[in-house]
Structure formats: C-alpha cells, structure tokens
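Q: If you read the sequence shown in this note's numbering, its first letter stands for residue 309, the second for the next number, and so on. Each residue gets a CB set at the ideal place from its N, CA and C atoms; glycine is no exception. Below you'll find the structure I mean.
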Amino acid sequence: MRTKQDFINGLAKMKRNIYYDGQLIDRTDELQMDCINTIGTTYDEAAKPEFEDLMTATSHLTGEKINRFTHIHQNTTDLHRKQDMTRMLCQKVGGCIQRCMGIDGTNAVYNVSYEADKVKPGETNYHENFKKWLTRFQREDLVAACAQTDTKGDRMLRPAEQPNPGAYVRIKERLKDGIVVEGCKLHISEASVSDEIIVLPTRALRADDSDYAVAFAVPGDWDGMTQVVTIHNFRTREHYKRGFMPGYTDSYLIFDNCFIPWERVFLAGEHMHGGILALLFALFHRHSYSGCKPAIGDVILGQAALAAEVNNIYKTEHVREKLAEIIMTIELGYAAGYTASDLGKPEVYIPGMGFVPFGPGSYIPHSIYCNVGRCLSGEAVYREAEILCDISGGVTATFPHEKDFANPVTGEPLLKYTKRNPKISAEDQAQFWRYLGDYLCSASGGIMNIGNYHGGGSPIMEQIAITTQYDIESRKKLVRFIAGMSGGDREALAPKPPKK
Ligand SMILES: Cc1cc2nc3c(=O)[nH]c(=O)nc-3n(C[C@H](O)[C@H](O)[C@H](O)COP(=O)(O)OP(=O)(O)OC[C@H]3O[C@@H](n4cnc5c(N)ncnc54)[C@H](O)[C@@H]3O)c2cc1C
C-alpha cells in the first residue's frame, strides 16, 4: 500500500493538462495541496494498526492486503466497514473525504462489465479487461475519480435527440484497437488530484442511445482529455491556524477525439447495461453518503452546540429542539445506510423485473435504504445551514479578518468586543467564529452545500427510485381490506422477513 508521499510523488510526475482560471497548472500546485492533504488522510489512517480492519481489506483477486478504497465488497461486513470507514475519515477532515467516487465506480463497473459480456458471448471482454485494470488499481493503491455527470444540454431531450451530439459523452468512432470518444463530464470531484478517471453513463438509455452506453478508465493526464478545474479552498490563515485545513476540487473533463484502447473499455454500446451502470454507481454512491453525511452532521452538530455555548444560550429550549433535529437527521441517515449494508446481496433492482441476481457475486447495498437515507439527509442540508445561521446570529457574516486581530491597534478592542460567554476565552470565541464563517459564509461553504444536496443525484432521482421500487400496490390492497372495499387483501404484506 502507498503512503501519502507516494501519492503526491505520483501526481507530480503526471503531464500538465489542467487549467485553472486561465492558467495551465501542475497537479501539486500550492492551490491543490489542501485537497491533496484531505485525500492523503486515507493513506495516513490506513497505515495505523488500530484502523487496519476498517481501512484495509484482502483483495479477492490477488489475496493481497489493500486499501479498502480499492476493494470490491465481498459480503455485508465489507459494506458495513465501508460506511463506517467513510464516517470516521469524514469526521477527521471535517467534511468530504473525496475518495469514495473510486470505490463506488469500481464496484459498479465490476458488476456491470460481467453482465454486459453476456449480451454477445465471446465478442466482448469487458470484465476480464476490468479485472486487469482493477488488479493494478489495487496493487498501486491508486485514487480514482468517477465521471458520470454529462452536460446534458436540453433536459427535455434524450441523448440521441440532442442538437449537440456531445451533450452526453459518446462513442464517436469504433476502431480495430479501441474507440474514439467525445463530450464533456462536469462537476467531477477530485479529478485534478486523481491517478485514474472512471467514466460511465449518467442515465437510462434506449437502443438509439447505444453510442452513449460507454464506460472506460484513463489516467487523469490522458491525451485527448483536458481538465478545467475549480479549486475550493478556505481563506488562508497566517496567524490563527485551523486544526485541519480541508480543500476540494471539481473539474470539467473535455474529451476531444480521445482514443481509448479496448483494454481500458468496459462497456461500448450495450444500452440496457449503460442505464444499469448509471443506476448502480448512483446506488453505491448513495450508500457512501450514509457514511459521509452523518459525519458532516456530526460536524454541524458540534458547530451548532458550540455556537450556542459561545452565545451562552445552550440551555434554552429552542436550541435543544434544533440540536435534536440535527441528531435525528444524522442517525436516521446512518441507520438507513446500516440497514442497506445489512440487507446487501449480489442483486439489483431492474425496472419491470424487480430484484434479480446480478454480477459475479460481489455485494450490493439495498436500494430502498440507500435512496431513503440519501434523500432524507441530502434535503436537510439547507435546513441545517438555517439552524447554524439562527443559533449564531449575524457574527459569522461580518467577523473581521484575522490580520485585524493581529494588528496592535484593532486587535485588543476586537477581542474585547468578541467576548460573549464569560466562561470561554475571547481568543477561542474568535477562533470559533472564524471557522464557522469559513463553513457558513465562504464560497467553499456554499459549494459544499450544493455538493451535499445534489451529489449522488438530486433528491428527485432518489424519489423516483424509491417510488418505482417500493411495493405501493400491496399497501393499497391492505387498506382496501381494512376499509372494507373490494379487491382488498389482508395478507398483502404478510411478513416475509428479508433474507440475509
Ligand atoms: C460539488 C459537486 C460535486 C459533484 N461531484 C460529482 C462527481 O464527482 N462525479 C459526478 O459524476 N457528478 C458529480 N456531481 C454532479 C451531481 O451528481 C449532479 O449535480 C446531480 O446529479 C444533478 O445533475 P445536474 O447538476 O446536471 O442538475 P440537473 O439534472 O440539471 O437538475 C436541475 C433540476 O432539473 C431537474 N431535471 C433535470 N432533468 C429533468 C427532466 N428530464 N425532467 C424534469 N426535471 C428535470 C432536476 O430534478 C433538478 O430539479 C457533483 C455535483 C456537485 C455540485
């Protein structure tokens, strides 16, 4: 397994293909270091003996010890550990740990490449190609971004109907030794600090969309792919450092006549499987959310409680209600993910067919619980921001910059007028408002909220998944019976405990 320094050394060797604010930058540019340090935590913590069970696994391909972020879930314990690892790491960095797109993308492609090979037996080799790629990915302990979201053009048109054929990434040409793709994937988190980019479809596809049923993986500096990155760092601190400084990046990935050799292609034209791959990545990602969002909730709860303490209103009834509300969201999201892990099986839900065995036997979390958990806790993002805003008052919005506190003329009076709760030092109160202002009022804080709301799919996507997969008909029959209507069935929901 690699160290954080090995990861940084690998990035330093990559070709320059990343633009930021009009300039071509190095991957290890100072601006990217907060993000690199955040992902680097996944290497640091994996090396600690106390986290060996949580953060490492045994590869089912090679039998070697690997970082869990490169693992394919072999049982429900793996699903539980992935959720708990995610929560633990997100707590440590005070936000998103950023390496989950790789584990979620690899688990989705692993299953779908296996099933897609059955469409034209002997003609495609997607799964074996993917296993070779995965073996190297595990051995070299690489970081992967997952590029699913297309630009999508006119939302009312399907991929093949778009006036711009590249509105969704597509196969432009098929060659003897590979394919040529064009299009643009956007909002791709941490692509600018990833060794590999996994590309997969964004939506259900029809037969005439088959050129859009494409999945592959390429190094982040691959010829024919240009990145345009936005980097989300908090305001730098010179005098009053934070305990941990997280950072995030998101890229537009522009594919221009980009050649992908067959050994890196894991789907090329099987439209049904393209749609399933889109759903399956989203499902694994919503399961990751049941680890990260509870951790972000842990941070928000700490922020809200400390804001109340600094304002000396901690014991008031309205604060207690708000803290309880945050806790309920945290633990309902976690409980949904826990149940999704516990009921995991090598099965997926396919519209019109229900739950069917799927893939070579690796474990997939239960869809209803992943979607319920993500939707409930994702939609709570702005309510949580409202609670922080309410309890803090206006101070986070206008708190003076750190150099005004370091200045001998303004520092002393500012500290004097910062003091609220007599039991907490003015210095600590100032440090807390600086931090909460970063979180609540900065550009990065706003971006994080949008990511937490839409990441893994907008709430409507989870609502569609929940309502199409849930057995609403049985509930109607039950009520018909209880109400004394025709067509009722008392046994419609007769206990069929979910099998493990
Ligand atoms: C910070 C951040 C990080 C992200 N990281 C990643 C990443 O690493 N990888 C990745 O692949 N994606 C990533 N995403 C993308 C994320 O998954 C998408 O933002 C999300 O799926 C919504 O897609 P969209 O942004 O295109 O919005 P849209 O889909 O355009 O949604 C906007 C609105 O339009 C509605 N809408 C859209 N289509 C229709 C329709 N046909 N009919 C009716 N209503 C419609 C939606 O319900 C929503 O209300 C990230 C996003 C953010 C903000």
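Select from D698, I699, L723, I695 the residue whose C-alpha is nearest the C-alpha of F707.
A: Residue 707 sits at position 399 when you count from the first residue of the sequence shown. Nearest C-alpha to F707: L723.
Q: How about E781: is its C-beta nearer than 7 Å to some C-beta of chain C?
A: Absent from the structure is chain C; it holds one protein chain and no more.
Q: If you drop the 5 nearest sequence neighbours on each side, which residues of the same chain put their C-beta closer than 7 Å to that of T352?
A: Here residue 352 refers to the residue found at position 44 of the sequence shown. Residue identity differs from the one stated: residue 352 is Asp in this sequence, not Thr. Cβ within range, chain order: K312.
Q: With which residues is M341 paired in a DSSP beta bridge?
A: Residue mapping note: residue 341 aligns to position 33 of the sequence shown, counting from 1. Paired residue(s): none; M341 is not in a bridge.
Q: Can you round the beta-carbon distance between L422 and G652 to whole angstroms, since I take them to be within the 8 Å contact cut?
A: Walking along the sequence shown from the start, residue 422 turns up at place 114. Walking along the sequence shown from the start, residue 652 turns up at place 344. Note that residue 422 is Tyr in the sequence shown, not Leu. That pair is no contact at about 17 Å.
Q: Straight-line CA distance for N541 to S500?
A: Residue mapping note: residue 541 aligns to position 233 of the sequence shown, counting from 1. Residue mapping note: residue 500 aligns to position 192 of the sequence shown, counting from 1. Going from the Cα of N541 to the Cα of S500 covers about 14 Å.
Q: Where are the beta strand (DSSP E) runs, 3 residues long or more, that stay fully inside the stretch 326-379, in chain order?
A: 326-328, 331-333, 364-366, 373-375
Q: Tell me the rounded alpha-carbon separation between G865 and I732.
A: Absent from the structure is residue 865, since the part of the chain shown begins at 309 and ends at 808.
Q: At what residue ranges does the stretch 648-715 contain a whole run of the alpha helix (DSSP H), taking only runs of 4 or more?
A: 675-687, 689-700, 703-706, 710-714
Q: Could you pull out every unbroken beta strand (DSSP E) segment of at least 3 residues lying fully inside the stretch 486-511, listed in chain order?
A: Listed in chain order, they are 486-497, 504-507.
Q: Name, in chain order, the residues that DSSP records as bridge partners for C566.
A: Sequence index remark: in the sequence shown, residue 566 carries index 258 (1-based). C566 is bridged by DSSP to V489.
Q: When you compare the CB positions of A455 and I496, do they come within less than 7 Å of one another, or not?
A: Here the question's residue 455 lines up with position 147 in the sequence shown. Here the question's residue 496 lines up with position 188 in the sequence shown. A contact, by the Cβ cut-off of 7 Å.
Q: Check whether the Cβ of T457 sits closer than 6 Å to any heavy atom of ligand 1, and report yes or no.
A: On the sequence shown, position 149 is the one that residue 457 refers to. Flag set: Cβ of T457 near ligand 1.
Q: Quick one: grab the DSSP three-state call for M309.
A: Counting from one through the sequence shown, the residue named residue 309 turns up at place 1. Looking at M309 - three-state DSSP - the assignment turns out to be coil, as it is neither helix nor strand.
Q: Measure the CB-CB distance between I796 and R783 and report whether it falls below 7 Å.
A: To locate residue 796, count along the sequence shown from 1; it is residue 488. To locate residue 783, count along the sequence shown from 1; it is residue 475. The sequence shown places Gly at residue 796, not Ile. Result no, Cβ atoms of G796 and R783 do not sit closer than 7 Å.
Q: Got a sec: does ligand 1 put a non-hydrogen atom nearer than 6 Å to the Cβ of S766?
A: One-based indexing of the sequence shown puts residue 766 at position 458. Checking every heavy atom of ligand 1 against the Cβ of S766, one is found closer than 6 Å.
Q: Return the chain-ordered list of same chain residues with a C-beta closer than 6 Å to the C-beta of K513, the five sequence neighbours on each side being excluded.
A: For the purposes of this step, residue 513 is identified with residue 205 of the sequence shown, where counting begins at 1. Note that residue 513 is Leu in the sequence shown, not Lys. The answer, listed in chain order, is Y520, A521, H579, G582, G583.
Q: Report whether the distance from the Cβ of I621 to the nearest heavy atom of ligand 1 is below 6 Å.
A: Sequence index remark: in the sequence shown, residue 621 carries index 313 (1-based). No, since every heavy atom of ligand 1 falls outside the 6 Å radius drawn around the Cβ of I621.
Q: Check for me: the beta strand (DSSP E) holding K480 runs from which residue to which?
A: Looking up residue 480 in the sequence shown gives position 172. Going by DSSP, K480 is part of the beta strand (DSSP E) stretching over 478-483.
Q: Within 6 Å: the Cβ of I496 and any heavy atom of ligand 1?
A: On the sequence shown, position 188 is the one that residue 496 refers to. True, at least one ligand heavy atom lies under 6 Å from that Cβ.
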